[in-house]
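Here the structure is laid out as structure tokens; the discussion comes afterwards.
Protein chains: 4
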Amino acid sequence: MPLPLEAGARIIVTGGTFDKRYDAIKGELTFKETHLPAILEQARVTLPLSIDIRLLIDSLHMTDAHRRGVLDACRGSPEHAIVVIHGTDTMVQTAEVVGRAELAKTVVFTGAMVPYSVQGSDAPFNLGFALAMAVALPHGAYVAMNARVFRWDNVTKDRVEGQFKALR
Amino acid sequence: MPLPLEAGARIIVTGGTFDKRYDAIKGELTFKETHLPAILEQARVTLPLSIDIRLLIDSLHMTDAHRRGVLDACRGSPEHAIVVIHGTDTMVQTAEVVGRAELAKTVVFTGAMVPYSVQGSDAPFNLGFALAMAVALPHGAYVAMNARVFRWDNVTKDRVEGQFKALR
Amino acid sequence: MPLPLEAGARIIVTGGTFDKRYDAIKGELTFKETHLPAILEQARVTLPLSIDIRLLIDSLHMTDAHRRGVLDACRGSPEHAIVVIHGTDTMVQTAEVVGRAELAKTVVFTGAMVPYSVQGSDAPFNLGFALAMAVALPHGAYVAMNARVFRWDNVTKDRVEGQFKALR
Amino acid sequence: MPLPLEAGARIIVTGGTFDKRYDAIKGELTFKETHLPAILEQARVTLPLSIDIRLLIDSLHMTDAHRRGVLDACRGSPEHAIVVIHGTDTMVQTAEVVGRAELAKTVVFTGAMVPYSVQGSDAPFNLGFALAMAVALPHGAYVAMNARVFRWDNVTKDRVEGQFKALR
Numbered sequence: 015m016p017l018p019l020e021a022g023a024r025i026i027v028t029g030g031t032f033d034k035r036y037d038a039i040k041g042e043l044t045f046k047e048t049h050l051p052a053i054l055e056q057a058r059v060t061l062p063l064s065i066d067i068r069l070l071i072d073s074l075h076m077t078d079a080h081r082r083g084v085l086d087a088c089r090g091s092p093e094h095a096i097v098v099i100h101g102t103d104t105m106v107q108t109a110e111v112v113g114r115a116e117l118a119k120t121v122v123f124t125g126a127m128v129p130y131s132v133q134g135s136d137a138p139f140n141l142g143f144a145l146a147m148a149v150a151l152p153h154g155a156y157v158a159m160n161a162r163v164f165r166w167d168n169v170t171k172d173r174v175e176g177q178f179k180a181l182r
Numbered sequence: 015m016p017l018p019l020e021a022g023a024r025i026i027v028t029g030g031t032f033d034k035r036y037d038a039i040k041g042e043l044t045f046k047e048t049h050l051p052a053i054l055e056q057a058r059v060t061l062p063l064s065i066d067i068r069l070l071i072d073s074l075h076m077t078d079a080h081r082r083g084v085l086d087a088c089r090g091s092p093e094h095a096i097v098v099i100h101g102t103d104t105m106v107q108t109a110e111v112v113g114r115a116e117l118a119k120t121v122v123f124t125g126a127m128v129p130y131s132v133q134g135s136d137a138p139f140n141l142g143f144a145l146a147m148a149v150a151l152p153h154g155a156y157v158a159m160n161a162r163v164f165r166w167d168n169v170t171k172d173r174v175e176g177q178f179k180a181l182r
Numbered sequence: 015m016p017l018p019l020e021a022g023a024r025i026i027v028t029g030g031t032f033d034k035r036y037d038a039i040k041g042e043l044t045f046k047e048t049h050l051p052a053i054l055e056q057a058r059v060t061l062p063l064s065i066d067i068r069l070l071i072d073s074l075h076m077t078d079a080h081r082r083g084v085l086d087a088c089r090g091s092p093e094h095a096i097v098v099i100h101g102t103d104t105m106v107q108t109a110e111v112v113g114r115a116e117l118a119k120t121v122v123f124t125g126a127m128v129p130y131s132v133q134g135s136d137a138p139f140n141l142g143f144a145l146a147m148a149v150a151l152p153h154g155a156y157v158a159m160n161a162r163v164f165r166w167d168n169v170t171k172d173r174v175e176g177q178f179k180a181l182r
Numbered sequence: 015m016p017l018p019l020e021a022g023a024r025i026i027v028t029g030g031t032f033d034k035r036y037d038a039i040k041g042e043l044t045f046k047e048t049h050l051p052a053i054l055e056q057a058r059v060t061l062p063l064s065i066d067i068r069l070l071i072d073s074l075h076m077t078d079a080h081r082r083g084v085l086d087a088c089r090g091s092p093e094h095a096i097v098v099i100h101g102t103d104t105m106v107q108t109a110e111v112v113g114r115a116e117l118a119k120t121v122v123f124t125g126a127m128v129p130y131s132v133q134g135s136d137a138p139f140n141l142g143f144a145l146a147m148a149v150a151l152p153h154g155a156y157v158a159m160n161a162r163v164f165r166w167d168n169v170t171k172d173r174v175e176g177q178f179k180a181l182r
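Residue numbers (the working numbering), protein chains in the order written: chain A, 15 to 182; chain B, 15 to 182; chain C, 15 to 182; chain D, 15 to 182.
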């Protein structure tokens, strides 16, 4: 069996904590531009990657129209291995929209509990983990956080612990 | 098909650039203790993990006896998903020793081109990527670097580029 | 003339952006504990220092009573070289309260535009700069930011630029 | 007495640990370019500064000719407040060359025990401390490390502790 990596992968950016930056004038965390190119350079990635910067919003502000846009982006992707960078608060809802569409692709949702721009961020680890899962897992929609991967219909965010858990 | 993650994974530490630290008195990069617990805490990992700190050496100093020790550690691991943190210079040789043994386990070798303790390190991304591959790939020995995964018998380090490449 | 350093210095902590940390559960920057010991260890400081952790609040929440408390802390300090870590928004007001008291001490207010826990923070530089000024300047109250030092009665924060400037 | 800051300052770069970077291909710390502009941007400096990148070498490789070059750079500086970034191993020798020249300027030598590019560097703190001393102290040559400042003729590096100390 050949390793299915050579076809490359796609990363769809929607924002979330992963990409928040500190605005020194406003004194708060906001969105300005994605950190993704910096993380990929730091990771010395040679896997062919397409980057689709679709949104840069807090996932609490994500509407049904936004979620359909993410689904369309997955459906239209020429690559069959897809990572979606997403805020953790409504990541499961968007994964459900993509999961129900039963695309012939592997779509892995990930994000971060601590922004890439803050010391001690989980963003680079999570991106590496999700990208490997997007390449290696069978078709379907998944959530990858905390070094674990869950099917879209068997995952919830425990907001007290700040961790993702299986439903059953 | 159930996702095979719940059994947990094992990380075997051997040293390499991944774990080098700056010694302010000597003015050079040396080994003191592994950064692995810090990286796993930062990544907010909830996957059950066993850590086996076997060696903390430069992979150029790795002998045949050391490599057999790594093989023994893989063979003795109760977990079937294994990541070996290894220096990049002789990672392929040790992967070959493990690969030829044809264990009924998935062993993924990874490391870093820049130490975790240095700005712009690829260590957290690589660890996330390798851990996902250890969980998701069929049994065998692999090298995972540059967001790519290679079978042990189809990989080489391009020392000029500082990248891992397939042989064919 | 002997260098007046050997008597040591005092650092009074009141909070401000300098000391904000990211709370991964709440998803926002809050106060938990001061970063000061970490910064001083990182800076390899051997100057005798007393640390007075008085407040950990946003300077927009600072009341007249809080400011009198800072003045009392300066007045009671056995060390004559004092740095006050303070939020930038009302730093000038508190410096005025201390300045009008005309203590026989050198009190230098500083803070940060980016928290120590965020990439690209100005906190370590500012602390080093302020500490040197506290040791070297004549008695009085000063604000030290942007690698510049201002008397308490000749400084304002330009909120658009996020910089401190002389009034005249 | 006016605060003597408005005339600006000069920073002369000679290299040293302060400016070492990790070379991922060679696997060692080398010189490539100075981190000084990055540190100054991070520190949000508005003080007018001239940067003179004279050398980028390990101070163990500094010759008498190099030291005379540093002295010439100080002598030729239009600014009277000067910081010299220097390796710690022979910082005291170069400070002596400048000190004996009795320039009508304040020249403060500083450096770092941990490179700026390595986690936990003392470089930003030391630069802030030295710059303030260059602005505030009377004419003369000084060494500023460990949040302390020493006259050029009363300082030594304790190589076991990695700290600078007064001779008497």
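Just so you know, even glycine gets a beta-carbon here, dropped at the ideal spot from N, CA and C.
- Note on D:E93: 16 or more other CB atoms within 10 angstroms of its CB, so buried under the neighbour-count rule.
- Closest in C-alpha terms to C:P152, from the list C:G142, C:R182 and C:V163, comes C:V163.
- Annotation: D:M105 has no Cβ neighbours in chain C at a cutoff of 7 Å; minimum Cβ distance is about 14 Å.
- Against chain B, the beta carbon of D:S73 has no neighbour under 9 Å; the closest one sits roughly 10 Å away.
- One finds Q56, A57 and R58 in chain C with Cβ atoms closer than 7 Å to the Cβ of D:D136, taken in chain order.
- Unbroken alpha helix (DSSP H) stretches of 4 residues or longer found wholly inside the stretch 71–116 of chain B: 78–90 and 105–114, given in chain order.
- C-alpha of A:S91 to C-alpha of B:V59: approximately 30 Å in a straight line.
- Looking at the backbone, the Cα of B:T124 and that of B:I26 are separated by about 10 Å.
- C:Q107 is the residue among C:R173, C:Y36, C:A126 and C:Q107 whose C-alpha sits nearest the C-alpha of C:T77.
- Non-local C-beta neighbours of A:A87 in its own chain, meaning closer than 7 Å and more than five positions away in sequence, comprise I26, D66 and R68, ordered along the chain.
- At a C-beta separation below 7 Å, B:G41 has these neighbours in chain D: T31.
- Taking the CA atoms as reference points, D:I99 sits about 10 Å from D:L70.
- In this structure the stretch 127–142 of chain A lies against the stretch 34–49 of chain C, because at least three pairs of beta carbons, one per stretch, are closer than 8 Å.
- Residue pairing by DSSP leaves D:G41 without any beta bridge partner.
- Within 10 angstroms of the beta-carbon of D:H75 lie fewer than 16 other beta-carbons, which makes it exposed.
- Counted as a single uninterrupted DSSP element, the alpha helix (DSSP H) harbouring D:G142 occupies residues A137 to A150.
- Interface flag for B:A161 against chain A is set, since a Cβ pair is found closer than 8 Å.
- Interface with chain C (8 Å Cβ-Cβ cutoff): D:I53 is included.
- The three-state secondary structure of D:Q177, taken from DSSP, is strand.
- D136: these are the residues of the stretch 136–157 of chain B whose beta carbon lies less than 9 Å from some beta carbon of chain D, given in chain order.
- Within its own chain, the residues whose Cβ lies closer than 7 Å to the Cβ of C:L181, once the five positions on either side in sequence are excluded, are N168, V169 and T170, listed in chain order.
- For A:M127, the closest Cβ of chain C is nearer than 8 Å.
- The beta carbon of A:P138 sits closer than 6 Å to the beta carbons of I53 from its chain, once the five residues preceding and following it are set aside; these are given in chain order.
- Counting the other Cβ atoms within 10 Å of the Cβ of C:K119 gives 16 or more, which makes it buried.
- The alpha-carbon separation between D:V149 and A:T44 amounts to approximately 37 Å.
- Judged by DSSP in its simplified three-state form, B:D167 adopts coil rather than helix or strand.
- With respect to the C-alpha of B:R81, the residue from B:V112, B:A95, B:S64 and B:V97 having the closest C-alpha is B:V112.
- The beta carbon of C:L61 falls within 8 Å of a beta carbon belonging to chain D, placing the residue at that interface.
- About 5 Å separates the beta carbons of D:A158 and D:V122, which is inside the 8 Å limit, making them a contact pair.
- Chain B places a beta carbon closer than 8 Å to that of D:G176, counting this residue as a contact.
- DSSP, reduced to helix, strand and coil, places A:T48 outside both helices and strands of the structure shown, so it counts as coil.
- Interface flag for C:V132 against chain A is set, since a Cβ pair is found closer than 8 Å.
- Going by beta carbons, D:S73 and D:D103 fall inside the 8 Å limit.
- At a C-beta separation below 7 Å, B:A38 has these neighbours in chain D: M127, V128 and G176.
- By a beta-carbon distance limit of 8 Å, A:A146 contacts B:A146. Their separation comes to about 4 Å.
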